[in-house]
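Residue numbers (this note's numbering): 213 to 808.
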Amino acid sequence: SPHSYSLLQDRDDAQDVYDYVVVGGGTAGLTVADRLSESGKYTVLAIEYGIIEPDGRRNRTNMYNITSVPQVNLNNRTFPVDVGCIVGGSSAVNAQAFQRGTKRDYNNWAELAGVNNSSWNWDDLQPYFRKAIQLGSGPHPDIARVYNMTYNTGSYGTNTSKHSIFATFSRGHTPAVIPIYQALRRYPGVEIPIDHSVGTLGLGWTPRSMDPISLNRSYSRSGHYDGLNRDNYHLITATRVERVVFEGKTAHGVEISPRWPTDAHEGKGKGKGKGTGKRVIRARKEIVLSAGAIHTPQILQLSGIGPASLLKKARIPVVVDLPGVGANLQDHAYQPALQYNWTTPPPYPQVNTTLPPVEAFLFGPGLNLMLGLPGITPTRYQTLSASYLSQPPSQFLPQNTHPTIISGYAQQQRLYAAGMLDKNFAFFSAGMGGSPVAAPQLMHGLSRGTVTLNLTSPLSEPIVDYRFASNPLDLDIVAENIKFYRRFYTGPESTLRQHVDLTLGETQPGPGYESDEELKGWLRANLVPSVFHPSGTAAKMAREWGGVVNEGLEVYGVERLSVVDTSVFPTIPGAATSMTVYAVAEKAADLIKARA
Ligand SMILES: Cc1cc2nc3c(=O)[nH]c(=O)nc-3n(C[C@H](O)[C@H](O)[C@H](O)COP(=O)(O)OP(=O)(O)OC[C@H]3O[C@@H](n4cnc5c(N)ncnc54)[C@H](O)[C@@H]3O)c2cc1C
């Protein structure tokens with residue numbers, strides 16, 4: 213077994229003390245644990261609730277079983293909160309779309325730091341993207357030729373060691389994408405950047421987190437764990453970290469408990485984690501929380517770090533009153549597909565290629581349309597920005613929101629209102645397959661949700677409330693996007709019908725959904741508030757703006773405790789989140805080592 217050395221079959225074999233304890237063996241956790249242990253100077257323990265399983269299994273047994281609270285602005289529907297529960301975390305179960313945000317995304321992070329010269333900006337993060345992500349391979353030459361496909365090699369690293377995370381462009385092909393591509397590239401307002409990875413939007417190509425040789429999933433376990441075999445690095449699985457324990461204001465250990473109370477699930481060689489009982493494992497230097505944006509705030513709250521009012525209700529002694537823990541929840545939202553009757557099958561252009569046709573959309577060429585608000589609604593983006601800017605910041609936040617969080621939201625509002633005027637601040641991203649169906653994601657929602665302890669059962673899963681469309685402008689913006697796609701498919705500016713002979717009839721939303729009110733009604737019944745990219749619940753922002761961690765990702769008000777995962781994103785990038793998590797984890801590891 214490639215992981216026999218670091219993986220402790222029996223959690224009781226874990227030492228009482230390590231230099232670093234990493235909570236969560238997920239995307240960020242395994243990356244940080246690799247970097248902290250690679251010099252051999254420090255002992256590192258990673259603690260994971262999931263077990264070692266074959267990768268790429270997006271089934272329910274490798275996810276937590278969490279359901280959101282009813283979404284009052286979405287007809288009280290509830291939604292699954294999918295998060296990987298497995299060694300590798302969400303990178304082991306995700307859809308492998310591999311993207312980074314644009315310049316404004318990361319420069320906003322610097323603005324929200326509330327300090328001069330924050331190094332969390334676009335320029336300073338690029339070397340970490342290159343360290344984190346290696347270019348597995350460019351597109352197959354036949355595909356590149358058919359689509360004039362360009363990409364920027366300099367956005368990625370060139371390390372070919374198998375201990376790497378790879379971005380690999382497509383080998384698959386679906387001829388039906390060609391007419392969509394041809395029409396989109398001629399559509400007004402759609403630009404063709406060299407590559408989305410250089411920070412500009414338009415019609416481009418999304419690689420996948422995929423090994424270039426085996427085409428297997430490239431994820432935190434394959435890139436940062438399997439085969440490392442370091443005697444200073446241990447992993448225990450099927451083990452829950454319940455809370456951080458303090459001496460005064462210094463985090464000195466974590467309290468762990470077995471996932472399964474009996475040995476029923478124990479299985480040798482599968483990392484199912486033998487060993488019993490609650491126990492504290494100490495860290496000499498630092499505890500790193502990498503439990504993801506749903507569980508990191510839960511662990512913090514259980515440890516007495518969170519909004520004092522909530523902790524009081526839960527009868528948890530307050531270590532630090534940090535109102536931002538569990539606030540500021542953001543995700544991308546899924547706009548259900550626009551669908552048409554494609555009554556006459558289009559005569560697909562013939563492609564001279566040796567490639568077998570690959571019909572599955574995700575394994576197709578990876579054509580992705582990413583647009584800012586000016587591209588989506590050239591006539592209304594300025595009005596939408598102005599009406600957002602004119603909202604009192606507290607207007608759509610929960611009642612009794614702490615003043616620091618309102619101040620932080622006011623900063624975000626200012627930055628997003630400016631972003632709404634910028635064609636390179638993504639509002640929508642859509643994978644464009646080979647049929648007249650578009651299912652775009654809203655990339656920068658204006659509403660903010662919460663993750664809070666379940667007060668009647670604090671160790672059960674936390675309460676997740678996306679609060680989607682609590683800011684009503686969210687639905688106005690998505691309605692504009694529906695109109696954009698309608699114009700693209702059937703409007704006079706579109707050349708789609710020059711490329712294919714088709715008779716279109718919209719089947720979804722369909723006739724009867726014309727006015728803004730009708731469209732918003734349809735969205736309330738159909739929109740999905742999460743595509744499993746939860747972020748922002750322990751944000752790196754100024755403390756007076758509701759932040760939870762500082763520029764070094766250290767939790768405010770305590771010593772030797774940091775957070776490294778999607779929770780620290782102050783605002784969600786306008787891109788699928790995993791690539792950014794890897795870059796953040798690489799940077800975090802450098803910061804942690806620098807203060808060792
Ligand atoms: C179904 C799905 C599809 C997705 N599709 C894409 C995509 O196509 N492209 C993309 O870029 N992103 C995608 N994402 C999102 C992306 O994978 C995540 O944003 C990213 O992996 C999160 O990394 P993380 O380190 O913050 O958390 P995770 O990788 O989720 O790691 C957290 C880890 O902590 C463990 N943990 C939690 N609580 C405890 C505890 N108390 N004790 C011990 N361990 C604990 C968890 O089991 C988990 O392993 C998808 C996610 C999902 C779930």
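Virtual Cβ for every residue (Gly too), placed ideally from N, Cα, C.
How would you label residue i, buried or exposed, when you count the other beta carbons within 10 angstroms and need 16 or more for buried?
i, result
"lysine 490", "exposed"
"glycine 483", "Unreliable positioning characterises glycine 483 in this predicted model, as indicated by a pLDDT of 46, which lies under 50. A coordinate reading is not provided."
"phenylalanine 573", "Low local confidence applies: a pLDDT of 38 at phenylalanine 573 is under 50, so the model's placement there is unreliable, with the coordinate-based value given in what follows. Phenylalanine 573 should be labelled buried."
"aspartate 228", "exposed"
"proline 586", "buried"
"valine 761", "buried"
"valine 456", "buried"
"serine 251", "exposed"
"valine 683", "Looking at the sequence itself, residue 683 is asparagine, so the reference to valine does not match. Per the 10 Å Cβ criterion, buried."
"lysine 182", "This structure cannot settle anything about residue 182, because the visible part of the chain is limited to 213 through 808."
"tryptophan 332", "buried"
"lysine 799", "buried"
"glutamine 607", "exposed"
"arginine 527", "exposed"
"leucine 601", "exposed"
"alanine 801", "buried"
"tryptophan 334", "buried"
"leucine 671", "exposed"
"serine 641", "buried"
If we ignore side chains and look at the alpha-carbon of each, how far apart do residue i and residue j end up?
i, j, result
"threonine 239", "tyrosine 359", "33 Å"
"histidine 477", "proline 470", "Unreliable placement is indicated for histidine 477, whose pLDDT of 49 sits below 50; the coordinate value is still reported in the next sentence. When rounded, the distance between both Cα atoms is 11 Å."
"glycine 759", "tyrosine 768", "8 Å"
"glycine 296", "threonine 273", "9 Å"
"serine 779", "isoleucine 506", "8 Å"
"serine 430", "tyrosine 697", "33 Å"
"isoleucine 377", "alanine 344", "7 Å"
"glycine 661", "glutamine 625", "15 Å"
"methionine 753", "valine 776", "14 Å"
"glutamate 458", "glycine 764", "Sequence check: residue 458 is phenylalanine here, not glutamate. Straight-line Cα distance between these residues: approximately 20 Å."
"threonine 451", "leucine 665", "20 Å"
"proline 424", "threonine 418", "15 Å"
"arginine 494", "leucine 523", "24 Å"
"leucine 219", "alanine 245", "13 Å"
"leucine 541", "glycine 657", "11 Å"
"valine 793", "leucine 735", "30 Å"
"alanine 751", "glutamate 403", "33 Å"
"proline 509", "tryptophan 554", "47 Å"
"leucine 804", "alanine 795", "Per the sequence shown, residue 804 should be read as isoleucine rather than leucine. Taking the straight line joining both Cα atoms gives about 14 Å."
"valine 293", "asparagine 428", "25 Å"
"proline 282", "isoleucine 675", "11 Å"
Residue range of the alpha helix (DSSP H) that residue i falls in?
i, result
"threonine 462", "Careful: threonine 462 lies outside any alpha helix (DSSP H), inside the beta strand (DSSP E) at 462-470."
"valine 457", "Taken as a continuous stretch (DSSP letters only), valine 457 belongs to no alpha helix (DSSP H), being part of the beta strand (DSSP E) at 451-459."
"methionine 791", "790-806"
"asparagine 320", "315-323"
"asparagine 693", "685-702"
Ligand 2 and residue i: does the residue's C-beta get closer than 7 Å to at least one heavy atom of that ligand?
i, result
"valine 305", "Although ligand 2 was asked about, the structure shown includes only ligand 1 as ligands."
I need the boundaries of the beta strand (DSSP E) containing residue i, first residue and last residue.
i, result
"tyrosine 431", "Taken as a continuous stretch (DSSP letters only), tyrosine 431 belongs to no beta strand (DSSP E), as it is neither H nor E."
"aspartate 231", "229-235"
"threonine 380", "377-380"
"phenylalanine 447", "Note that residue 447 is leucine in the sequence shown, not phenylalanine. Run containing leucine 447: 445-448, per the beta strand (DSSP E) assignment."
"valine 389", "Where valine 389 is concerned, there is no enclosing beta strand (DSSP E), although the alpha helix (DSSP H) it sits in stretches over 389-397."
"glycine 411", "Unbroken run through glycine 411: none, as it is neither H nor E."
"leucine 585", "Leucine 585 -> not in any beta strand (DSSP E); alpha helix (DSSP H) instead, spanning 585-588."
"tyrosine 678", "Per DSSP, tyrosine 678 belongs to no beta strand (DSSP E) and is neither H nor E."
Who are the near neighbours of residue i in its chain, counting only those whose CB is closer than 6 Å to its CB and skipping five residues on each side?
i, result
"histidine 711", "Pro391, Gln394 and Ala395"
"glutamate 320", "The sequence given here has asparagine at residue 320, not glutamate. Excluding residues within five positions, the ones whose Cβ falls inside 6 Å are Leu627 and Thr783."
"arginine 755", "Tyr768"
"arginine 398", "Thr707"
"serine 521", "none"
"glutamate 260", "Gly237, Val299 and Thr449"
Who are the near neighbours of residue i in its chain, counting only those whose CB is closer than 7 Å to its CB and skipping five residues on each side?
i, result
"glutamate 265", "Asn274 and Ile298"
"tyrosine 445", "Ser218, Ala245, Ser249 and Val256"
"alanine 681", "Asn285, Leu286, Ser659 and Leu687"
"methionine 371", "With the sequence shown as reference, residue 371 is identified as asparagine, and methionine is not the correct amino acid for it. Closer than 7 Å at the Cβ level, and outside the excluded window around asparagine 371, lie Gln346."
"alanine 737", "Asn287"
"proline 405", "Thr412, Leu413, Gly414 and Gly416"
TODO: Taking only runs that begin and end inside the segment 335-364, name each unbroken beta strand (DSSP E) of 3 or more residues, in chain order.
DONE: 345-349
Task: Every unbroken beta strand (DSSP E) within the segment 238-311, with a cutoff of 3 residues, ordered by chain - done: 256-259
Open item on the list: As an exercise, report each continuous alpha helix (DSSP H) stretch of at least 4 residues that is fully enclosed by the segment 490-541, in chain order.
Closed with: 504-514 and 520-525
Open item on the list: Ignoring anything shorter than 3 residues, give me the beta strand (DSSP E) runs that lie fully in the segment 712-775, in order along the chain.
Closed with: 716-720 and 773-775
Task: 3 or more residues per run - each beta strand (DSSP E) lying fully within the segment 621-668 - done: 638-643 and 662-664
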